[in-house]
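Engineer:
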Ligand code: GLU
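Residue numbers (this note's numbering): 174 to 688.
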């Protein structure tokens with residue numbers, strides 16, 4: 174038998190911004206596709222028109238582009254199975270619903286919303302825990318299984334609204350093998366007679382999803398754990414449509430939990446927990462008030478896409494070695510679906526930050542300088558490329574995000590007006606002040622070529638000796654006088670970047686202010 178070509182799909186619904194868990198699902202699909210030389214497909218599942226959110230599709234596209242997930246077939250790129258948007262495929266689903274009816278696996282249901290309410294209330298009153306339209310209750314409802322044939326025909330002919338429901342068997346075990354969870358066995362009594370086709374002729378998610386996965390020849394369905402309860406129903410659909418032999422292999426990814434493990438990480442958690450749950454910033458509207466809202470994104474918070482990808486890859490998967498740093502290429506090589514865990518993964522944003530620091534430090538000074546230059550321009554400060562590179566060079570071990578360069582390195586561009594009080598009260602005194610004034614005098618004038626860190630350090634040591642002080646007694650005061658801060662990168666490197674003229678000026682200002 175020839176090997177089946179690997180074709181995977183990411184199938185988001187455009188009901189709002191793509192959650193970070195969705196990005197992980199897309200990533201795992203992509204890694205498997207690339208690893209096995211397969212095809213990565215994106216299909217928009219927009220059969221629920223009531224939940225459609227304008228802008229969501231574009232947002233999905235941009236999120237995937239930003240993290241570097243390339244699509245081989247998509248609504249934007251097209252492909253042999255176009256269209257890739259379910260609303261544009263609407264006419265294609267009807268025949269399969271009809272086929273299921275013809276073969277006795279589905280039926281017409283004419284119940285009005287009021288009748289459905291009455292049924293639920295009746296069952297609730299009888300203490301049925303989870304009232305459903307199913308193999309038992311269907312017998313009391315108005316459908317093509319209970320009504321006489323001529324009445325059904327007359328209802329259909331007269332245009333009475335109806336839905337098409339799956340006729341789920343009463344007593345049957347539905348089993349399938351999940352690539353992550355092993356055998357999954359569900360009793361059919363736990364499955365309700367799901368609606369497959371709505372009264373407006375639009376298929377529901379379940380029907381459209383199975384028909385499309387079949388027509389698009391999908392080999393593996395990799396999706397979130399929240400779809401596991403739907404999988405037995407999907408298996409029944411494949412069987413009843415006669416497609417069981419080519420049914421895709423399922424892999425249901427582990428849930429993403431809040432950092433404290435108390436429950437599923439939801440779209441609303443971002444604002445509450447203080448970190449983004451979206452790849453990109455999302456501009457939406459408040460569901461209740463209609464007021465504009467902004468939700469934070471990893472991109473805008475200063476995460477590098479390679480850091481986010483590395484972090485997400487490890488939320489539920491690991492390579493089985495101690496290596497933690499993986500480029501996309503390395504992930505593709507190392508990824509094995511067998512190594513995806515079935516236990517939920519805690520979303521630890523501190524780890525994302527750790528990855529970001531790593532990838533930031535791995536960049537050259539020339540690559541990082543633009544972040545600082547942009548912030549400087551916003552603050553109306555002029556700076557040469559060369560100086561920006563020097564500053565990011567000494568600062569990169571000390572920052573987590575590109576925007577920190579400006580926050581943490583302001584003093585390279587603005588003389589301090591305040592001084593860290595803890596250092597001042599402990600380390601500043603008259604002899605120290607006099608020694609720093611002497612150091613300012615000993616520094617070469619600003620017109621001379623600026624001295625390097627070693628020269629500045631040597632002059633400092635000499636000045637301190639002349640004052641009868643040990644350098645260690647003055648170092649912290651020197652830092653605070655020049656930068657205002659208690660800590661920072663190598664002090665004499667800092668002085669060298671600032672230039673002797675600026676350093677001398679700052680020292681004199683501090684001596685005057687602090688006495
Ligand atoms: N449209 C579903 C979603 O929004 C796709 C589920 C699946 O992959 O089958 O996640």
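By construction, the Cβ of each residue, glycine as well, lies at the ideal position given by its N, Cα and C atoms.
1. Output the distance between the C-alpha atoms of residue 319 and residue 411, rounded to the nearest integer angstrom.
2. With residue 572 as the anchor, note down where its beta strand (DSSP E) starts and where it stops.
3. So within the region 602 to 685, which uninterrupted beta strand (DSSP E) runs reach at least 3 residues, ignoring any that extend past its ends?
4. With DSSP run on the structure shown, which of helix, strand or coil describes residue 265?
5. Per DSSP, residue 490 is paired with what?
6. Rounded to whole angstroms, what's the CA-CA distance from residue 656 to residue 674? Just pull it up for me.
7. State the start and end residues of the unbroken beta strand (DSSP E) segment that holds residue 346.
8. Using 10 angstroms around the beta-carbon of residue 567, count the other beta-carbons present and answer buried if the total reaches 16, otherwise exposed.
9. Go through its chain and collect everything with a Cβ distance to residue 451's Cβ below 6 Å, but skip five positions before and after it.
10. Assuming residue 421 contacts residue 384 under a Cβ cut-off of 8 Å, what Cβ separation, rounded to an integer in Å, is found between them?
11. Per DSSP, residue 213 forms a beta bridge with which residues?
12. Would you call the CB atoms of residue 283 and residue 262 closer than 9 Å?
13. For ligand 2, I want to know if residue 397 counts as a neighbour, meaning its beta carbon is within less than 8 Å of at least one of the ligand's heavy atoms.
14. Going by C-alpha distance, which of 626, 335, 424, 196 is nearest residue 281?
15. Need the endpoints of the beta strand (DSSP E) that residue 281 sits in, please.
16. Expressed to the nearest angstrom, what Euclidean distance is found between the alpha-carbon atoms of residue 428 and residue 496?
17. For the beta strand (DSSP E) containing residue 468, list its first residue and its last residue.
18. By the DSSP assignment, the alpha helix (DSSP H) with residue 443 in it spans what residues?
19. Buried or exposed, going by whether 16 or more other CB atoms sit within 10 Å of the CB of residue 577?
20. At what residues does the alpha helix (DSSP H) containing residue 207 begin and finish?
21. Taking just the CA atoms, how far does residue 391 sit from residue 279?
22. Please list the terminal residues of the continuous alpha helix (DSSP H) segment that includes residue 229.
23. Kindly give me the distance between the Cβ atoms of residue 299 and residue 349, rounded to whole angstroms, as I take these residues to be in contact under 8 Å.
24. For a quick check, are the C-beta atoms of residue 532 and residue 588 less than 9 Å apart?
25. Looking at the structure shown, is residue 454 part of a helix, part of a strand, or coil, going by DSSP?
26. Going straight from the alpha carbon of residue 539 to that of residue 414, what length do you get?
27. According to DSSP, is residue 480 helix, strand or coil?
28. If you check the beta carbons only, do residue 185 and residue 206 fall under 9 Å apart?
29. Pick from 407, 521, 492, 504: whose alpha carbon is nearest that of residue 437?
30. I'd like the list of long-range same chain contacts for residue 341, defined as Cβ closer than 8 Å, with 5 residues on each side in sequence excluded.
31. Between the C-alpha atoms of residue 161 and residue 629, what's the straight-line distance to the nearest angstrom?
32. Between which two residues does the beta strand (DSSP E) harbouring residue 337 extend?
33. Measuring alpha carbon to alpha carbon, tell me which residue in 204, 419, 575, 181 is nearest residue 506.
34. Strictly by DSSP, which residues pair up with residue 397?
35. Can you tell me where the alpha helix (DSSP H) holding residue 360 begins and where it ends?
36. Hey, how far is the Cα of residue 598 from the Cα of residue 549?
Structural biologist: If we stick to the structure as given:
1. The residue labelled residue 319 in the question sits at position 146 within the chain shown. The residue labelled residue 411 in the question sits at position 238 within the chain shown. Rounded to the nearest angstrom, the two C-alpha atoms are 26 Å apart.
2. The residue labelled residue 572 in the question sits at position 399 within the chain shown. Note, residue 572: premise wrong, no beta strand (DSSP E); not H, not E.
3. Correct list: empty.
4. Translated into positions along the chain shown, residue 265 becomes position 92. Residue 265: helix per DSSP, three-state reduction.
5. Walking along the chain shown from the start, residue 490 turns up at place 317. Partner(s): 513.
6. As a position in the chain shown, residue 656 is number 483, starting the count at 1. As a position in the chain shown, residue 674 is number 501, starting the count at 1. Between the C-alpha atoms of residue 656 and residue 674 there is a straight-line separation of about 14 Å.
7. One-based indexing of the chain shown puts residue 346 at position 173. Looking at the DSSP string, the run of the beta strand (DSSP E) that includes residue 346 is 346 to 351.
8. Taking the chain shown and counting its residues from 1, the one referred to as residue 567 is at position 394. Per the 10 Å Cβ criterion, buried.
9. Locating residue 451 in the chain shown gives position 278, counting from the first residue. 190, 468, 470, listed in sequence order.
10. For the purposes of this step, residue 421 is identified with residue 248 of the chain shown, where counting begins at 1. For the purposes of this step, residue 384 is identified with residue 211 of the chain shown, where counting begins at 1. With a Cβ gap of about 13 Å, residue 421 and residue 384 do not count as contacting.
11. Indexing the chain shown from 1 puts residue 213 at position 40. 181, per the DSSP bridge assignment.
12. Position 110 of the chain shown, counting from 1, holds the residue named residue 283. Position 89 of the chain shown, counting from 1, holds the residue named residue 262. Result no, Cβ atoms of residue 283 and residue 262 do not sit closer than 9 Å.
13. Among the ligands in the structure shown, ligand 2 does not appear; only ligand 1 can be found there.
14. As a position in the chain shown, residue 281 is number 108, starting the count at 1. Among 626, 335, 424, 196, the Cα nearest to that of residue 281 belongs to 335.
15. Taking the chain shown and counting its residues from 1, one reaches residue 281 at position 108. Boundaries of the beta strand (DSSP E) harbouring residue 281: 279 to 282, taken from the DSSP string.
16. Taking the chain shown and counting its residues from 1, one reaches residue 428 at position 255. Taking the chain shown and counting its residues from 1, one reaches residue 496 at position 323. Between residue 428 and residue 496, the C-alpha separation is close to 23 Å.
17. For the purposes of this step, residue 468 is taken as the residue at position 295 of the chain shown. Start and end: 465 to 468.
18. Locating residue 443 in the chain shown gives position 270, where the first residue counts as 1. Residue 443 -> alpha helix (DSSP H) spans 442 to 446.
19. Locating residue 577 in the chain shown gives position 404, counting from the first residue. It counts as buried.
20. Residue mapping note: residue 207 aligns to position 34 of the chain shown, counting from 1. Residue 207 -> alpha helix (DSSP H) spans 193 to 208.
21. As a first step, residue 279 is located in the chain shown; it is residue number 106 there, counting from the start. As a first step, residue 391 is located in the chain shown; it is residue number 218 there, counting from the start. Approximately 24 Å, taken between the alpha carbons.
22. Position 56 of the chain shown, counting from 1, holds the residue named residue 229. Element bounds for residue 229: 229 to 240.
23. Stepping through the chain shown from its first residue, residue 299 is reached at position 126. Stepping through the chain shown from its first residue, residue 349 is reached at position 176. Contact between residue 299 and residue 349 fails: their C-beta atoms lie close to 33 Å from each other, not under 8 Å.
24. Numbered from its first residue, the chain shown carries residue 532 at position 359. Numbered from its first residue, the chain shown carries residue 588 at position 415. No, the Cβ-Cβ distance between residue 532 and residue 588 is not below 9 Å.
25. Working through the chain shown from its first residue, we reach residue 454 at position 281. The answer is coil: DSSP assigns residue 454 none of H, G, I, E or B.
26. Within the chain shown, residue 539 is the residue found at index 366, counting from 1. Within the chain shown, residue 414 is the residue found at index 241, counting from 1. Taking the straight line from one Cα to the other gives about 59 Å.
27. Numbered from its first residue, the chain shown carries residue 480 at position 307. Three-state DSSP puts residue 480 in a helix.
28. In the chain shown, residue 185 corresponds to position 12, counting from 1. In the chain shown, residue 206 corresponds to position 33, counting from 1. It is not a contact, given that the beta carbons lie outside the stated cut-off.
29. In the chain shown, residue 437 corresponds to position 264, counting from 1. Nearest option by C-alpha distance: 521.
30. If you number the chain shown from 1, residue 341 lands on position 168. Scanning its chain for C-beta atoms nearer than 8 Å, with the 5 sequence neighbours on each side dropped, one finds around residue 341 the residues 307, 308, 361, 364, 365, 366, 367, 406, 409, in chain order.
31. Outside the modelled stretch of the chain, which goes from 174 to 688, sits residue 161, for which no answer is possible.
32. If you number the chain shown from 1, residue 337 lands on position 164. Counting along the chain, the beta strand (DSSP E) containing residue 337 begins and ends at 336 to 339.
33. For the purposes of this step, residue 506 is identified with residue 333 of the chain shown, where counting begins at 1. The shortest Cα separation from residue 506 among 204, 419, 575, 181 belongs to 204.
34. Within the chain shown, the letter at position 224 stands for residue 397. Bridge partners of residue 397: 426.
35. Residue mapping note: residue 360 aligns to position 187 of the chain shown, counting from 1. No alpha helix (DSSP H) contains residue 360, which is instead part of the beta strand (DSSP E) from 355 to 360.
36. Here residue 598 refers to the residue found at position 425 of the chain shown. Here residue 549 refers to the residue found at position 376 of the chain shown. Looking at the two C-alpha atoms, the distance is approximately 32 Å.
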